[in-house]
Amino acid sequence: PKEPDVGGRREQLSVKKLRVVLFALCSSTDQAAEHFQSPPRRIRRWLRRFQSHQPHALPGRYLSLQAEEELAHWVLTQREQQLPVNEETLFQKATKLGRSLDGGFKISYEWAVRFMLRHRLSGQARRAVAQPLPKGVQDSASAFLEFVQRQVLSQALPLAMIGALDELSLFLDAEVLGSEDRKEGALQTVGTGEPWCDVLLAILADGTVLPALVLCRGPPCPLPSVPSSILLEAREGGYSDDEAMELWASRVWHKHASCQGTKGMLVLDCHRTHL
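The working numbering puts the first residue of the sequence shown at 18, with every later residue one more than the last.
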């Protein structure tokens, strides 16, 4: 249906629509469409409408620039740790940061949507090297990058011995799995409980991808064939964080390093299991 006009301008989004848009920014348009039973095209249209009709400032008391930077940092950290960012967790964190304001923090769906867009925090935004980061995060990233570069040069490390390890946890939603019309969405990358499996991925500075180690929680089961690029381990009860790292080091990194015969450097991501 055609959007209503008010005085020659399209009417601003209602609170109900803003809530749907916020859900889409925190998760994805498809998840918002499923949760609110609304077509994805309609949600994207609401988002475009909001972006095209934003006043420069809203009345009321809002977070300072520094507090917003801290909140943006929190959102990025939550996502890095594969922890949920949603209406509830975002509002709780924003309210906590806003307690220092005299008279309290005026939180609203409009402010939350504006915040997510202003800091380019859409869950489906393309990630790239040029993606702007909160100042504190950018400063830390720059300092770490300079440290790594100094080590590479001072130690004369070969590209084949400079590696980066990342870890991805996959969660299985039993409720969704039991639903015939939704089971394809049962495997998820965000969760708060124990993951169904963990995937450890590593790449070298020369572009070589090391074998992926997949650690499953459950009894071992024979598989017809597994590619040589995938190392599969399964155990009832899963693996502890230390066990997972030791297993990866012995089966992947040490095996690779022994063929090189030289010292190297391994950079780990800040996944929650590594902290």
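Glycine residues also receive a C-beta, built at the ideal position from the N, C-alpha and C atoms.
Local Cβ density within 10 Å of residue i, reported as buried at 16 or more and exposed below that
i	result
Phe164	exposed
Val92	buried
Gln12	The question about residue 12 has no answer here: the residues shown for the chain are numbered 18 through 292.
Leu64	buried
Pro151	buried
Leu100	exposed
Ile60	buried
Cys43	buried
Val226	exposed
Ala145	Below a pLDDT of 50, predicted positions are generally treated as unreliable, and Ala145, at 48, falls in that range; the measurement from the model is reported next regardless. With fewer than 16 Cβ atoms within 10 Å of its Cβ, Ala145 is classed as exposed.
Val269	buried
Lys272	exposed
Assigned secondary structure, residue i (DSSP; H/G/I helix, E/B strand, else coil)
i	result
Ser159	helix
Glu250	strand
Ser186	strand
Leu30	coil
Ala145	Confidence at Ala145 is low in this model, with a pLDDT of 48, below 50, so the placement of that residue is unreliable and no value is reported for it.
Val226	strand
Gly210	coil
Ser257	coil
Tyr126	helix
Lys19	Note on Lys19: pLDDT 47, under 50, position unreliable in the model; the coordinate value appears next. Correct three-state label for Lys19: coil.
Arg137	coil
His90	helix
Val243	coil
His273	helix
Arg116	coil
Pro237	coil
Proximity to residue i [Cα-Cα], best of the options
i	options	result
Phe132	Ala111, Arg116, Trp265 and Ser117	Ala111
Asp223	Gly235, Ala251, Glu260 and Ile179	Ile179
Pro175	Gly278, Leu64 and Gln54	Gly278
His90	Leu30, Gly153 and Gln68	Gly153
Gln98	Gly140, Phe108 and Val207	Val207
Ser45	Gly210, Gly202, Thr225 and Ala229	Gly202
Lys33	Ser55, Asp47 and Pro228	Ser55
His70	Ala191, Gln109, Leu88 and Gln29	Gln29
His136	Leu162, Ile247, Gly281 and Ala84	Ala84
Gln168	Ser245, Ala50, Val284 and Lys113	Val284
Ala219	Gly115, Leu194, Leu248 and Asp47	Leu248
Arg293	Ser31, Asp156 and Ser81	Residue 293 is absent from the structure shown; the chain starts at 18 and stops at 292.
Asp286	Leu240, Lys200, Phe161 and Gln205	Phe161
Pro239	Asp259, Glu250, Leu88 and Asp198	Glu250
For residue i: DSSP bridge partner residues
i	result
Gln205	Phe188
Asp215	Ser186 and Leu232
Ile179	Met282
Leu221	Gly180
Should the region 210-219 be regarded as contacting the region 172-191, the criterion being three or more beta carbon pairs within less than 8 Å?
The region 210-219 is in contact with the region 172-191.
When the Cβ atoms of the region 35-47 are set against those of the region 99-115, are three or more pairs found closer than 8 Å?
Output reads yes: the region 99-115 touches the region 35-47.
I'd like to know if the region 248-257 and the region 224-237 are in contact, where contact means that at least 3 CB-CB pairs between them fall below 8 Å.
Counting Cβ pairs under 8 Å, three or more are found: they touch.
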